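Residue numbers (the UniProt record's numbering): 1 to 152.
Glycine is no exception: its CB is placed at the ideal position from the N, C-alpha and C atoms.
Remember, predicted model here, so these are calculated numbers, not experimental data.
See below for the structure under consideration.
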């Protein structure tokens, strides 16, 4: 399951307990319906872990309709829509990929392969934690850094 390490660490580090797991069709509508179903079964939820952007937005839509905006919801990746939702206070936090760093890492791996050198098994760009408390200025600075070569 995507995010198992995160779920395990929430329990270990934060004392949270997973109450339910829902498998959706990884789209906004199915996440919306799953969130409504969650609240039919369990009224006392303070955090819903979303493992994709579309799921996060489906959860946010349902929470708004239920009047449960105080429930914490995470984003997934820090794309443009998530960053706007953070600025608006709709998402609580996300882990933003420094996307161009990942592109650089991939280019370096290709170069190593072309030189018949050993290619790392795992490579990635940097990630930054952003919350709805972060200023628009900080979010914009990280967005510029994340897409400094791809000019998004």
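Give me, in chain order, the residues of the same chain whose beta-carbon lies closer than 6 angstroms to that of residue i; leave out the 5 immediate sequence neighbours on both sides.
i	result
residue 119	109, 112 and 113
residue 10	16
residue 149	100
Closer than 7 angstroms by C-beta to residue i: which residues in its own chain qualify, once you throw out the five before and the five after it? Chain order, please.
i	result
residue 24	30, 31, 34 and 55
residue 70	none
Which first and last residues belong to the beta strand (DSSP E) in which residue i is found?
i	result
residue 127	127–131
residue 147	No beta strand (DSSP E) contains residue 147, which DSSP labels as neither H nor E.
Could you check where the alpha helix (DSSP H) with residue i kicks off and where it finishes?
i	result
residue 59	53–66
residue 96	Segment 93–97 is the beta strand (DSSP E) holding residue 96; no alpha helix (DSSP H) there.
residue 5	4–14
residue 29	28–41
residue 86	80–87
Nearest CA to the CA of residue i: which residue from the options?
i	options	result
residue 77	93, 71 and 62	93
residue 103	131, 147 and 85	147
residue 121	106, 134, 133 and 115	106
residue 63	141, 75, 48 and 5	48
residue 67	39, 18 and 140	39
residue 91	116, 14 and 58	58
residue 37	51, 26, 22 and 50	22
residue 81	149, 4, 14 and 143	143
residue 3	51, 12 and 65	51
residue 139	116, 151 and 79	79
Report back the beta-carbon spacing between residue i and residue j to the nearest angstrom; my notes put them in contact at under 8 angstroms.
i	j	result
residue 73	residue 60	6 angstroms
residue 89	residue 53	At roughly 17 angstroms, the Cβ-Cβ gap does not stay under 8 angstroms, so residue 89 and residue 53 are not in contact.
residue 132	residue 86	5 angstroms
residue 20	residue 42	7 angstroms
Going by beta carbon distance, what residues of the same chain come within less than 8 angstroms of residue i, once the five residues before and after it are set aside?
i	result
residue 6	49
* Would you be able to state if there are at least three C-beta pairs under 8 angstroms between the stretch 124–138 and the stretch 96–103? => As far as the Cβ criterion goes, the stretch 96–103 touches the stretch 124–138, which means the pair count is three or higher.
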